[in-house]
Amino acid sequence: SHIVRPFFRNHFARLDRQIVLVDVLHALNAGPHAIADLEVALSEVLSAFRPGRRSWLSTILSRRIDRLLFAATKADHLHSSDHDKLEAILKRLVARAEERARFKGAEVDVLAMAAVRATREAMVKHRGEELPAILGTPLPGERLNGDCYDGNTEIAMFPGDLPEDPELIFRQDESKSEPVRPSFQSAQSELQFLRFRPPELDTTAEGMTLSLPHIRLDRALEFLIGDRLA
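Per our numbering, the very first residue in the sequence shown carries number 35; after that it's consecutive.
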């Protein structure tokens, strides 16, 4: 009570817009149990925004969250052709969390984004086939296929394809009373993600430093505060 109550009173009580950053790729890398834990965590987040009538939170929260954005982070770790699939997976996770938490009344959206884009895209020919790849410099100590990177070497890699249908990641139990247990198909075992160094800042001929590249940060801001700027 000495920590949680002041936190909600001093911070959440004044909020009406919220963004929740979700590392879906890390959960996919970690396996089925991580996906299950992520689903539970999202449910807990949603329930925190909608206190029950008898909850002590109802006496603290004077404002209501009316826009809530779930953002799948590290979109730059995938080729853009997979971004919609990443969003579909997060939508599935959020839909289940919404159902369990009975969260209503706010406008909820999901978005695949990267506040700082650490990679570029390219088409790489492999065994006579062109594959959509990403180019970037892995952080020191990152490993892939037995190689350990020094933090200075740029590589091209194919992180794998996310499934077209997010249902392939989840397998629903026959009994609706039982929680959903994720089940990975063989395609998921081929996914591989690395952590990349952020890009160096570019400067113009006049010496002006350019901003860091991003993926859909503008769309996130538009959803959260666009109406306030109109």
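Backbone N, C-alpha and C define an ideal beta-carbon position, used for all residues, glycine too.
| Query | Result |
| --- | --- |
| Coarse secondary structure for Phe230, derived from DSSP in three states | strand |
| Beta carbon of Asp57 nearer than 8 Å to that of Lys125 | no |
| Buried versus exposed, by CB contacts within 10 Å (16 or more), Glu208 | Bear in mind that a pLDDT of 33 at Glu208, under 50, signals an unreliable position, so the number given afterwards is only what the model happens to contain. Result: exposed. |
| Met147 vs Ala105 beta-carbon contact at 8 Å | yes |
| Segment contact flag, the region 227 to 247 with the region 168 to 175, C-beta cutoff 8 Å, min 3 pairs | yes |
| Distance between Leu127 and Arg48 (C-alpha atoms, nearest Å) | 27 Å |
| Selected residue, minimal CA-CA separation from Glu234, among Val150, Asp181, Ile259 and Asp116 | Val150 |
| Whole-angstrom distance between Arg51 and Glu132, CA atom to CA atom | 17 Å |
| Start-to-end residues for the alpha helix (DSSP H) that takes in Phe265 | No information on residue 265 is available, as it lies outside the stretch 35 to 264 that the chain covers here. |
| Three-way DSSP call (helix, strand, coil) for Asp199 in this model | coil |
| Candidates Ser115, Pro174 and Ile69: closest to Asn186 by CA position | Pro174 |
| Span separating the alpha-carbon of Leu72 from that of Asp261 | 31 Å |
| Check whether Asp195 and Asp116 have beta carbons under 8 Å apart | yes |
| Distance between Ile189 and Asn179 (C-alpha atoms, nearest Å) | 13 Å |
| Cβ separation of Asp110 and Ala64, assumed to be a contact under 8 Å, to the nearest whole Å | The Cβ separation is near 19 Å, so there is no contact. |
| Every unbroken beta strand (DSSP E) inside the region 150 to 183 [3 residues or more] | 154 to 160 and 163 to 170 |
| Distance, Met242 Cα to Glu163 Cα | 41 Å |
| Coarse secondary structure for Ala140, derived from DSSP in three states | coil |
| Under the three-state DSSP convention, the category Leu297 falls into | The requested residue 297 does not occur in the structure, where the chain is confined to residues 35 to 264. |
| Beta-carbon proximity check, Leu145 vs Glu121, cutoff 8 Å | yes |
| Cβ distance (whole Å) where His13 is taken to contact Pro40 below 8 Å | Lying outside 35 to 264, the shown extent of the chain, residue 13 is not represented and no answer is given. |
| Local Cβ density within 10 Å of Ile203, reported as buried at 16 or more and exposed below that | buried |
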